[in-house]
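Here's the structure we're looking at; comments come further down.
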Amino acid sequence: MSKNIKRILIAGGAVVVLALAFVILKYVFPEEETPVELVSPSPTATEAPVYYIIKAAGNEVVRFDCLYEDGSTFEINISQKENGLYEYAAVPDDTFFGYNTSKFRSMMYTFTSLTATAKVEEDPEDLSIYGLEEPQFTITITFKDDSNVTLYVGSMTPVQRNYYVMTKEERTVYTVGNYLGELLMRKPFEFRNVASFPKYEEEEIYTNICHIIMTRRDGTPIEIWLDKDFTMPDNKSSSVYMMTQPVVSSCADEKIESMLDVLATISYADMVGDITPDQFKEYGFDKPARLYLEDTSGNTIDLVIGTTFSGAAYACLGRQYDAYLAGEVDYLTILRYSEDNFEWVDTNYMNLLIRAIWIINIHDVDTITYDFDGEVFVMELYEYDDVTGSGVDVVRTCSHINGKDIHETNTKRIFSRTLNFREVNTLSEGTTYDADYSYSITVKLKSGEERVMTFHKINDRQYACVVDGVAEYYIYAGNMQTLMTAIERAMDDREVSLVYTN
Numbered sequence: 024m025s026k027n028i029k030r031i032l033i034a035g036g037a038v039v040v041l042a043l044a045f046v047i048l049k050y051v052f053p054e055e056e057t058p059v060e061l062v063s064p065s066p067t068a069t070e071a072p073v074y075y076i077i078k079a080a081g082n083e084v085v086r087f088d089c090l091y092e093d094g095s096t097f098e099i100n101i102s103q104k105e106n107g108l109y110e111y112a113a114v115p116d117d118t119f120f121g122y123n124t125s126k127f128r129s130m131m132y133t134f135t136s137l138t139a140t141a142k143v144e145e146d147p148e149d150l151s152i153y154g155l156e157e158p159q160f161t162i163t164i165t166f167k168d169d170s171n172v173t174l175y176v177g178s179m180t181p182v183q184r185n186y187y188v189m190t191k192e193e194r195t196v197y198t199v200g201n202y203l204g205e206l207l208m209r210k211p212f213e214f215r216n217v218a219s220f221p222k223y224e225e226e227e228i229y230t231n232i233c234h235i236i237m238t239r240r241d242g243t244p245i246e247i248w249l250d251k252d253f254t255m256p257d258n259k260s261s262s263v264y265m266m267t268q269p270v271v272s273s274c275a276d277e278k279i280e281s282m283l284d285v286l287a288t289i290s291y292a293d294m295v296g297d298i299t300p301d302q303f304k305e306y307g308f309d310k311p312a313r314l315y316l317e318d319t320s321g322n323t324i325d326l327v328i329g330t331t332f333s334g335a336a337y338a339c340l341g342r343q344y345d346a347y348l349a350g351e352v353d354y355l356t357i358l359r360y361s362e363d364n365f366e367w368v369d370t371n372y373m374n375l376l377i378r379a380i381w382i383i384n385i386h387d388v389d390t391i392t393y394d395f396d397g398e399v400f401v402m403e404l405y406e407y408d409d410v411t412g413s414g415v416d417v418v419r420t421c422s423h424i425n426g427k428d429i430h431e432t433n434t435k436r437i438f439s440r441t442l443n444f445r446e447v448n449t450l451s452e453g454t455t456y457d458a459d460y461s462y463s464i465t466v467k468l469k470s471g472e473e474r475v476m477t478f479h480k481i482n483d484r485q486y487a488c489v490v491d492g493v494a495e496y497y498i499y500a501g502n503m504q505t506l507m508t509a510i511e512r513a514m515d516d517r518e519v520s521l522v523y524t525n
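According to the numbering used here, numbering within the sequence shown proceeds without interruption in unit steps and concludes at 525.
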């Protein structure tokens with residue numbers, strides 16, 4: 024027998040021995056079986072039950088009747104025209120806003136397919152446990168066939184902050200999610216439609232917004248018009264914007280455009296609610312500001328501005344505020360806007376005029392001494408608190424000139440002319456002018472500081488203007504003449520003209 028055959032036989036015998044050993048171990052010493060009852064069954068997924076509190080056809084709804092905790096009511100009537108569109112009539116109607124009817128349409132389908140987060144108790148004996156004995160809100164939904172369902176909303180659940188609800192017909196207590204509960208209980212003001220002003224960007228801002236009125240908290244109106252065709256009669260500087268209140272003057276266009284960049288982004292956030300006169304001071308409506316914008320298409324926004332605070336500002340519609348002042352309503356609806364839109368409320372209108380040489384706040388001034396080529400006038404300013412005929416608190420600014428009483432209008436118009444020295448241009452090197460001044464204005468501030476402007480003749484039309492010792496610009500003589508004319512008229516008990524005339 025060859026060596027190769029012997030090796031094959033030995034290997035085959037080894038395989039047979041191993042196989043016999045496996046069989047003996049398998050059947051002589053079997054593994055212990057695990058009892059069937061100890062085997063854990065595989066989990067089987069089950070669907071959570073869906074509880075319909077109300078299940079009906081939304082397009083069959085014809086009326087919602089809402090009853091609130093304070094006893095007030097809100098009724099929404101729904102009808103469908105031949106073309107399939109819905110019409111809505113709400114009681115009470117809203118005079119100033121109108122209603123967002125898309126919210127009414129949403130109600131038709133949301134409230135007629137109302138599901139619960141949990142089923143709590145069937146036919147409860149004690150409804151007070153759930154706040155359903157005296158529910159905070161009740162809504163009755165009426166359908167085309169005159170059937171109806173009434174839903175009560177009780178108190179909030181202690182942990183998940185959901186709401187207990189129950190229908191009059193079924194008397195089973197369920198819970199609904201917090202968000203859905205808040206939707207159910209929306210009050211009439213939450214359905215109001217707040218109109219927005221068109222959004223313009225970049226150059227569109229300056230070509231579309233054509234009329235601005237910003238009324239400061241002290242009652243000073245700042246009115247500006249777009250005059251891109253330079254057709255306004257008093258636009259002598261050919262500026263794109265003209266101011267018509269509190270003075271008539273050309274504006275510094277770049278400053279108006281910077282201001283419009285802010286105003287054009289006016290952004291409504293949400294509605295706070297209605298407040299009564301005893302709450303006006305809390306929201307800043309005892310001394311409000313006001314903003315009116317109009318574009319070339321006739322779109323407008325008119326807001327009365329209350330308190331501005333970190334990130335937001337309170338406002339109400341201008342026509343609603345006017346109705347309150349007229350005694351037609353006894354509440355205001357408070358809206359919340361971005362605070363950034365109302366940075367202008369403390370704007371000094373002189374900052375918006377074209378190239379004014381000096382800027383001084385009238386409330387900082389104690390006296391002004393005018394020296395017109397030897398003829399001296401001393402204006403002593405004073406302020407006092409007053410209440411307008413409409414009940415708004417204001418600060419009045421009046422004066423005495425050389426001892427003569429000057430009323431507020433003339434005081435402010437003289438002061439505006441005191442500031443209305445507009446640079447024609449800077450003094451070029453080598454420009455000669457008289458060493459002695461022809462005119463001077465000395466302003467003494469309440470702080471004790473003094474500002475002095477002197478005017479030195481260059482020629483019959485032009486004067487070098489030296490402000491606090493620094494000669495930088497020159498002006499036209501006409502600026503000084505309008506100031507002198509204003510003081511002359513006031514001293515003669517005549518009205519100082521709003522328009523700058525000599």
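C-beta: ideal position from N, C-alpha, C; glycine also. Every value quoted in this text rests on a predicted model; they were computed, and no experiment measured them.
query                                                                                                    : result
Whole-angstrom C-beta distance between Ser461 and Val475, which should lie under 8 Å                     : That pair is no contact at about 14 Å.
Continuous beta strand (DSSP E) assignments of at least 3 residues falling wholly in the segment 206-271 : 232-238, 244-249 and 264-268
Reference Lys78, options Glu192, Glu452 and Ala349, closest by Cα                                        : Glu192
8 Å contact criterion, which Thr441 and Glu495 should meet: CB distance rounded                          : Rounded, the Cβ-Cβ distance is 19 Å, inconsistent with contact.
Buried versus exposed, by CB contacts within 10 Å (16 or more), Glu60                                    : The pLDDT assigned to Glu60 is 34, lower than 50, so where the model puts this residue is not dependable; a value taken from the coordinates is nonetheless given after this. Glu60 comes out exposed.
Own chain residues within Cβ distance below 7 Å of Ala220, not counting five before or after             : Per the sequence shown, residue 220 should be read as Phe rather than Ala. Cβ within range, chain order: Ile289, Leu316, Asn322 and Ile324.
Distance between Ser129 and Phe119 (C-alpha atoms, nearest Å)                                            : 23 Å
Same chain, Cβ closer than 7 Å to Ala139, five either side skipped, listed in chain order                : Tyr74, Ile76, Tyr197, Thr198 and Val199
Range covered by the alpha helix (DSSP H) that runs through Lys126                                       : Thr124 to Thr133
Residues that DSSP places opposite Met476 in a beta bridge                                               : Ile464 and Val490
Between the CA atoms of Ser272 and Leu506 - distance to the nearest angstrom                             : 14 Å
Residue burial classification, Phe444 (beta-carbon count within 10 angstroms, cutoff 16)                 : buried
C-beta contact flag for Glu362 and Gly334 at 9 Å                                                         : yes
First through last residue of the beta strand (DSSP E) which encompasses Thr163                          : Phe160 to Phe166
Contact under 9 Å by Cβ, Ser178 with Tyr202                                                              : no
Secondary structure of Leu314, DSSP reduced to three states                                              : strand
Inter-stretch contact at 8 Å, needing at least 3 Cβ pairs: the segment 341-359 / the segment 292-300     : yes
Range covered by the alpha helix (DSSP H) that runs through Met282                                       : Asp276 to Leu286
Backbone CA spacing between Ser65 and Ala141 [nearest angstrom]                                          : The pLDDT assigned to Ser65 is 43, lower than 50, so where the model puts this residue is not dependable, and the model offers no usable value.
Span separating the alpha-carbon of Leu348 from that of Gly414                                           : 8 Å
Integer Cβ distance of Val489 from His479, believed to fall under 8 Å                                    : 7 Å
C-alpha gap between Val418 and Gln485, whole angstroms                                                   : 38 Å
Residues near Gly329 in its chain [Cβ-Cβ closer than 6 Å; skip 5 each side]                              : Tyr306, Gly307, Phe308, Pro311 and Tyr337
Presumed contact (8 Å Cβ cut-off) between Arg239 and Thr165, rounded CB distance                         : Rounded, the Cβ-Cβ distance is 52 Å, inconsistent with contact.
7 Å Cβ shell around Leu150 - same chain, five flanking residues per side excluded                        : Glu156
Those residues which DSSP pairs with Gly453 across a bridge                                              : Partner(s): none; Gly453 has no beta bridge.
Reference Pro147, options Asp252, Asp301, Thr135 and Thr190, closest by Cα                               : Thr190
Alpha-carbon spacing of Leu206 relative to Val176, whole angstroms                                       : 11 Å
Whole-angstrom distance between Ser470 and Ala509, CA atom to CA atom                                    : 27 Å
Beta-ladder partner(s) of Ile101, from DSSP                                                              : Tyr111
Own chain, CB closer than 8 Å to Asp416, minus 5 neighbours either side, in chain order                  : Asp309, Lys310, Asp408, Asp409 and Val410
Backbone secondary structure at Asp387 - three-state DSSP                                                : helix
Check whether Ile498 and Phe438 have beta carbons under 9 Å apart                                        : no
Among Pro300, Val447, Thr454 and Phe303, the one whose alpha carbon lies nearest that of Gly501          : Val447
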